[in-house]
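Read the structure below first, then the notes.
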Amino acid sequence: MKKQSGFTLIELVMVIVILGILAATALPKFADLSTRAEGASIAGARGAVSSAAAIAHAAYLIDNTTSVIEGTPVTYQNGYPNAATIVNLAGLNVGAGLDFQGSTVPGPPVVLTITNGSGTCSFTYTEAVAPAAPVISAVLGTGC
């Protein structure tokens, strides 16, 4: 008589049950990744704006004139990039899932609000008012 090898039906059912339990515990973690990714993207955009403002200010301290950084002409407001320039200088664009809204109050300082595509997270860039640096707010919103 030949000895049979392989899995019994009970062993197969136990493996399927264990895989089901693992999938049920891991699924909520993966479902939450999109929210966390949106929060990370707006935080990255804030970091890019902050870095771009610092680099442009350093260039201004060297030249005291309008300069071109990475092919982007920089228009300064009290030694720092103005709101219209900072978006391009930081490499942000609407295609990256970001929305930009300038302030409706005329005159300096202009406040630029940068929001993620779903509108749940945002931060603001307020142009520099002499002799202070521009104000870049923390990321605000739910799930950010």
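Residue numbers (our numbering): 3 to 146.
Note that the Cβ used here is the ideal one computed from N, Cα and C, for glycine as well.
All figures in this text were calculated on a predicted structure; none of them were measured in a lab.
Flag this pair as yes or no: are the beta carbons of residue i and residue j separated by less than 8 Å?
| i | j | result |
| --- | --- | --- |
| Val112 | Glu129 | yes |
| Pro83 | Ala54 | yes |
| Leu94 | Ala50 | yes |
| Gly73 | Gly99 | no |
| Asp101 | Thr117 | yes |
| Ala61 | Ser69 | yes |
| Asn80 | Val131 | yes |
| Gln103 | Thr87 | no |
| Arg38 | Phe125 | no |
| Leu91 | Ala58 | yes |
For residue i, which three-state DSSP category applies?
| i | result |
| --- | --- |
| Gly94 | According to the sequence provided, residue 94 is Leu. The question's Gly does not apply to it. Residue state, collapsed to three classes: coil. |
| Phe102 | strand |
| Val141 | coil |
Would you list the residues sitting across from residue i in a DSSP beta bridge?
| i | result |
| --- | --- |
| Asn84 | Asn84 pairs with nothing; no bridge assigned. |
| Cys123 | Gly143 |
Provide the residue span of the beta strand (DSSP E) that contains residue i, from first to last.
| i | result |
| --- | --- |
| Val113 | Val113 to Asn118 |
Taking the continuous alpha helix (DSSP H) assigned at residue i, which residues delimit it?
| i | result |
| --- | --- |
| Thr27 | Leu11 to Ala33 |
Any heavy atom of the ligand ZN closer than 7 Å to the CB of residue i?
| i | result |
| --- | --- |
| Arg38 | In terms of ligand content, the structure shown is empty, and the ligand ZN therefore cannot be addressed. |
Uninterrupted beta strand (DSSP E) stretches inside the stretch 35-79 (no shorter than 3 residues) | 69-71 and 74-76
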